[in-house]
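I have placed the structure first, in the form of structure tokens, so that the comments after it can refer back to it.
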Amino acid sequence: MKLYNTRTRKIEALKPLKDNLIRIYSCGPTVYDRAHIGNLSSFIFVDTLRRTLDIAGFSVKHAMNITDVDDKTIRRSHEQYPAQNPRSALEKLTNKYTAAFQADMQAVGNDMDSLTLLRATDPRALEAMQQLILKLHEQGFAYTADDGVYFSIEAYRKSGKTYGQLLELSPNSTSRARIQNDEYDKASLHDFALWKKQKDGEPAWEFSLGGHDLTGRPGWHIECSAMSRLLLGQPFDIHTGGIDLVFPHHENEIAQSTADETNPLLATVFAHNEHILVDGKKMAKSAHNFYTLQDITKRGYDPLAFRLLVLQAHYRSQIHFSWENMEAAQHRLNDLQAIADLRHQPQISEMPGELNHLFKTTRQEIYDAMLDDLNSPLALTSLNKLFNYLAGIATPGVEGRYSEGILTFLDNVFGLQLSNRPDISNPQKQAIVTRQKARVAKDWKKSDELREQIKQQGIGLRDTPHGAVWHRL
RNA sequence: GGCGCCUUGGCGGAGUGGUUACGCAGAGGUCUGCAAAACCUUUUACACCGGUUCAAUUCCGGUAGGCGCCUCCA
Numbered sequence: 003m004k005l006y007n008t009r010t011r012k013i014e015a016l017k018p019l020k021d022n023l024i025r026i027y028s029c030g031p032t033v034y035d036r037a038h039i040g041n042l043s044s045f046i047f048v049d050t051l052r053r054t055l056d057i058a059g060f061s062v063k064h065a066m067n068i069t070d071v072d073d074k075t076i077r078r079s080h081e082q083y084p085a086q087n088p089r090s091a092l093e094k095l096t097n098k099y100t101a102a103f104q105a106d107m108q109a110v111g112n113d114m115d116s117l118t119l120l121r122a123t124d125p126r127a128l129e130a131m132q133q134l135i136l137k138l139h140e141q142g143f144a145y146t147a148d149d150g151v152y153f154s155i156e157a158y159r160k161s162g163k164t165y166g167q168l169l170e171l172s173p174n175s176t177s178r179a180r181i182q183n184d185e186y187d188k189a190s191l192h193d194f195a196l197w198k199k200q201k202d203g204e205p206a207w208e209f210s211l212g213g214h215d216l217t218g219r220p221g222w223h224i225e226c227s228a229m230s231r232l233l234l235g236q237p238f239d240i241h242t243g244g245i246d247l248v249f250p251h252h253e254n255e256i257a258q259s260t261a262d263e264t265n266p267l268l269a270t271v272f273a274h275n276e277h278i279l280v281d282g283k284k285m286a287k288s289a290h291n292f293y294t295l296q297d298i299t300k301r302g303y304d305p306l307a308f309r310l311l312v313l314q315a316h317y318r319s320q321i322h323f324s325w326e327n328m329e330a331a332q333h334r335l336n337d338l339q340a341i342a343d344l345r346h347q348p349q350i351s352e353m354p355g356e357l358n359h360l361f362k363t364t365r366q367e368i369y370d371a372m373l374d375d376l377n378s379p380l381a382l383t384s385l386n387k388l389f390n391y392l393a394g395i396a397t398p399g400v401e402g403r404y405s406e407g408i409l410t411f412l413d414n415v416f417g418l419q420l421s422n423r424p425d426i427s428n429p430q431k432q433a434i435v436t437r438q439k440a441r442v443a444k445d446w447k448k449s450d451e452l453r454e455q456i457k458q459q460g461i462g463l464r465d466t467p468h469g470a471v472w473h474r475l
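For the first sequence, my numbering gives the first residue as 3, with consecutive numbering after it.
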């Protein structure tokens, strides 16, 4: 398995730190609103990574945080639940959007069963964060200010470690905007908050450091450092996230997680996915090109078609989302589903001999493509070549040969849910048989009527030398 | 200003020093009771300019254009 590593800027062979186990930590959503399609694409990437590791024979442990406390979340909870006390307002808001997140994840085919989710405000998580902050403070990497606790990059550097492992920071890179926006009382520019003291009306959790009451809430970066250590141990194998998280988020995580350790490693591999562009531009609410999964399903598209759209591009290149491309992906998905549905249809006795061979080479090609830095577009090519062949031999009845497990294999890799599609109903099957009899009797009127009836139920028919083959419209 | 990435046919998108993926869309045709599907053909693809080479879309240099990060945005 080869994977591009942001840390080394190279494609590297993946070597587990421990036995055959790959531990993955993914930066999860901030649940103050519905996830947008960019978030989802990021999670589709991670899910695909996990699937690929699976078929490559690794055992995988995958953890993800849910950020359920931050400025935006707090603000939104006040707006939506003004009568509630801050903690329960926050909880109501984040419960709602956590559920929405899980529903969206499921809809786009991400396997939730293999994912350990932990909320930032979970007592176990908060405990881990506070312990880490205390330790960092004790060792001189953290200092208190009027409004909270900060991480000292200077102290980190003096201890001989490198701040800027993922991104080289130049002295000139500091923008004036950043200084002007700096509302906090920190000692130097890049220092960041580990813990923020409660302000009026904010939800807060008890915390004291050196006898001082610091009741408040955690900073964003400390979440991931503490939770990844809690859930996976340290160092772990792969840390994922969107490309925008490289700096400062992951850089700061590295600093927090390695300051108190002799081992300078947080994770072996940092894997980042590129962003989705909408009509060639960055998605933004102000640009009116900001979409959620709901916007996609409202227009009648299958969430799995969105998954396919994402898989059609390499995860390290920008994905071009547009309604035209969405339409194309939906059509492609329809075709794949129609071929998959052949497994429910009557068998012919003679199977072309090369089919087994084709199943084998398809598997191998997909395996090779995916293990080569997740080349999903290339892997999909192999899938299409196989399906083109199946469609070409107009085959009701590849069912028996599907026992090769090819559909299951494809689902394990792509998550497009081709193997578990339901059969049509018995009355529908009966209607097809009746129509076939009418056709044999050259009763075209009756035959066409029946075809129209079945069409009304969303089932299309095409006549082949082996009989009628149905597909969903 | 600093760091990095990208530019492939109508759209999307792999890949390769010589054999020109794949998907979607358009046009024409074959086949068919009709339809559908399939198949065939088709719409001068590799931003531009140099260089290396027997040969470059693929390697090197430059030009133009686009994008990302450098602000708690996946």
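Glycine included, C-beta positions come from ideal geometry on N, C-alpha and C.
*At least three beta-carbon pairs within less than 8 Å, the stretch 242 to 251 to the stretch 272 to 280*: yes
*Note down, in chain order, each residue of its chain lying with its Cβ closer than 6 Å to the Cβ of Ala340, except the 5 sequence neighbours on either side.*
His473
*What separation, rounded to the nearest whole angstrom, lies between the Cα atoms of Arg1 and Gly282?*
The structure shown does not extend to residue 1, since the chain is modelled only from 3 through 475, so no value can be given for it.
*Mind the definition here: the stretch 298 to 313 touches the stretch 253 to 262 only if three or more C-beta pairs lie below 8 Å; say whether that holds.*
Segments in contact, no.
*Which residues in the same chain have their Cβ closer than 7 Å to the Cβ of Asp413, if we skip the five residues on either side of it in sequence?*
Gln419, Leu420, Ser421
_Option nearest Leu191 by Cα separation, candidates Arg423, Ile155, Glu208_ = Ile155
*Kindly list the residues whose CB is nearer than 6 Å to the CB of His322, restricted to its own chain and excluding five residues on each side of it in sequence; keep chain order.*
Within its own chain, the residues whose Cβ lies closer than 6 Å to the Cβ of His322, once the five positions on either side in sequence are excluded, are Leu279, listed in chain order.
*Please classify Glu276: does DSSP put it in a helix, a strand, or coil?*
coil
*asked:* Need the endpoints of the beta strand (DSSP E) that Met66 sits in, please.
replied: 61 to 68
*Find out if the Cβ-Cβ distance for the pair Glu367, Ser384 is shorter than 8 Å.*
yes
*asked:* So, for Leu475: in the same chain, excluding its five sequence neighbours on each side, which residues have a beta-carbon less than 8 Å away from its beta-carbon?
replied: Lys457, Gly460, Ile461, Gly462
*If you pair each beta-carbon of the stretch 124 to 133 with each one of the stretch 96 to 115, do three or more pairs fall below 8 Å?*
no
*Any idea if Ala179 is buried or exposed, counting beta-carbon neighbours within 10 angstroms, 16 or more meaning buried?*
With a pLDDT of 35 at Ala179, under the threshold of 50, the modelled position of that residue is not reliable, and the figure given next carries that caveat. With fewer than 16 Cβ atoms within 10 Å of its Cβ, Ala179 is classed as exposed.
*asked:* I'd like the span of the beta strand (DSSP E) that includes Pro220, first residue to last.
replied: 218 to 220
*asked:* At the level of alpha carbons, what is the spacing between Asp72 and Leu360?
replied: Rounded to the nearest angstrom, the two C-alpha atoms are 52 Å apart.
*Closer than 6 Å by C-beta to Arg464: which residues in its own chain qualify, once you throw out the five before and the five after it? Chain order, please.*
Val471
*Do you know offhand how far Phe143's Cα is from Phe153's?*
6 Å
_Reference Lys199; option with closest CA among Ser210, Gly218, Leu211_ = Gly218
*Under the assumption that Gly203 contacts Pro88 (Cβ atoms under 8 Å), give the Cβ distance between them as a whole number of angstroms.*
6 Å
*Looking at C-alpha atoms only, which residue of Thr436, Lys12, Phe308, Thr270 is the closest neighbour of Gln455?*
Thr436
*Which residue's Cα is closest to the Cα of Gly212: Pro31, Ala147, Lys444, Val62?*
Ala147
*Own chain, CB closer than 6 Å to Ser28, minus 5 neighbours either side, in chain order*: Val48, Met66, Thr242
_Measuring only the C-alpha atoms, how far is Asp70 from Thr32?_
Separation of Asp70 and Thr32 (C-alpha to C-alpha, rounded to the nearest whole angstrom) is 6 Å.
_beta strand (DSSP E) runs wholly inside the stretch 18 to 99, at least 3 long, in chain order_ = 23 to 28, 61 to 68
*asked:* Let me confirm a value: Trp222 is counted as buried when at least 16 other C-beta atoms fall within 10 Å, else exposed. Which label applies?
replied: buried
*How about Thr68 and Val415: are their beta carbons less than 8 Å apart?*
Reading off the sequence, residue 68 comes out as Ile, not Thr. Cβ distance not < 8 Å, so Ile68 and Val415 don't count as in contact.
*Let me know the secondary structure DSSP gives Glu156 once reduced to three states.*
Glu156: helix per DSSP, three-state reduction.
_Ala470 - DSSP class collapsed to helix/strand/coil_ = Of the three classes helix, strand and coil, the one that applies to Ala470 here is strand, per DSSP.
*Could you check the C-alpha separation between Val248 and Thr8 for me, to the nearest Å?*
8 Å
*Check whether the Cβ atoms of Gly417 and Arg318 lie closer than 8 Å to each other.*
no
*Beta-bridge partners of Lys4, as assigned by DSSP*: Ala15, Asp374
*Among Thr260, Phe45, Ile224, Leu267, which has the Cα closest to the Cα of Asp239?*
Leu267
_Going by DSSP, what residue range makes up the alpha helix (DSSP H) through Leu117?_
Here Leu117 belongs to no alpha helix (DSSP H); instead the beta strand (DSSP E) covers 117 to 121.
_Asp425, enclosing alpha helix (DSSP H) - first and last residue_ = Judged by DSSP secondary structure, Asp425 falls outside any alpha helix (DSSP H); it is assigned neither H nor E.
*Could you give the DSSP three-state label for Thr146: helix, strand or coil?*
strand
*What residue does the alpha helix (DSSP H) around Gln134 start on, and which one ends it?*
In the sequence on display, residue 134 carries Leu and not Gln. First-last of the alpha helix (DSSP H) with Leu134: 125 to 140.
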